[in-house]
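Notes follow the structure.
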Amino acid sequence: MSHYFAYLARMKFIHRWGLMRNTRTENIQEHSLQVAMIAHALAVLENERLGRDAIDPDRTALLAVYHDAEEVITGDLPTPVKYFNPQVRDAVDGLEVVAKRKLLGLLPEELRSSFEPLYFARPEDAPAWKMVKLADKLCAYLKCLEEAKAGNREFERAEESIRRDLDALGEPVVDAFLTTFVPSFRLTLDELN
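For the sequence shown, our numbering begins at 36 and goes up steadily by one.
Below is the structure:
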């Protein structure tokens, strides 16, 4: 018997943005889906529109699905806590490795080698992981826009800070996503129609 998927099913109970008042809570399960969809789109944009390195969009989406899975054990640590200082960041990194190893240990042994690359980056997946990281940052920005649209001023500084970070990346694929898709997030349903 394996408890692996029972643990992953608990992703819906882990809430993000714990230090901030939310008009609508967001859990890591729904966050992971959004990151997967956007990471997939970034890989496609990178390949098709920008003609850059060939990135496997399907692999990228799969990595994104699991990118926060260890949080069923660690919980979602707010960014100010994670990055309080280098010692805390190192401790959090170590905790995440332990949590990932625990999850892998829950799988039947014959499945572990197939799942391990979903938790621990392989060199050949570096371009895909880059898209996942970019998508994760974009999703944080989209959450800020969603909260602002709902009249919640709590996310104003985060929105400004994350947008500065996104702009400073100098990543054409991020710029393409911001230009092509993000303006629609400021619209109401009637305006989208």
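Glycine included, each C-beta is placed from N, C-alpha and C at the ideal position.
Bear in mind the structure is a predicted one, so any value in this text is a computation, not a measurement.
Starting from Leu-141, trace the alpha helix (DSSP H) both ways and give me its first and last residue.
In the DSSP annotation of this structure, the continuous segment of the alpha helix (DSSP H) that includes Leu-141 starts and ends at 121–141.
Could you tell me whether the segment 181–197 touches the segment 38–51, where touching means 3 or more Cβ pairs closer than 8 Å?
In this structure the segment 181–197 does not lie against the segment 38–51, because fewer than three pairs of beta carbons, one per stretch, are closer than 8 Å.
Indicate whether Leu-213 and Leu-204 have their beta-carbon atoms separated by less than 8 Å.
Cβ distance not < 8 Å, so Leu-213 and Leu-204 don't count as in contact.
Given a cut-off of 8 Å on the beta-carbon distance, is the pair Val-127 and Leu-146 in contact?
Not a contact, by the Cβ cut-off of 8 Å.
Among the candidates Leu-222, Ala-41, Tyr-118 and Val-208, whose CA atom is the shortest distance from the CA of Val-167?
Checked all of Leu-222, Ala-41, Tyr-118 and Val-208; the closest Cα to Val-167 is Val-208.
Taking DSSP as the reference, what is the three-state secondary structure of His-57?
Contrary to the premise, residue 57 reads as Asn rather than His in this sequence. DSSP places Asn-57 in coil when its eight states are reduced to three.
Does Ala-104 pass the burial test, meaning 16 or more other C-beta atoms within 10 Å, or should it be called exposed?
Taking a 10 Å sphere around the C-beta of Ala-104, we find 16 or more other C-beta atoms and assign the residue as buried.
Collapsed DSSP secondary structure at Asn-82 in the structure displayed
Note: Asn-82 maps to helix in three-state DSSP.
With distances taken Cα to Cα, identify the nearest neighbour of Trp-164 among Gly-186, Ala-78, Glu-61 and Ser-219.
Among Gly-186, Ala-78, Glu-61 and Ser-219, the Cα nearest to that of Trp-164 is on Ala-78.
Alpha carbons only, please: which of Arg-198, Pro-158, Arg-192 and Leu-224 is nearest the one belonging to Cys-174?
Looking at the Cα atoms, Arg-198 is the closest of the given residues.
With DSSP as the reference, please indicate the residues paired to His-50 in a beta bridge.
His-50 is bridged by DSSP to Asn-62.
Using three-state DSSP, classify Ser-37 as helix, strand or coil.
Coil, per DSSP.
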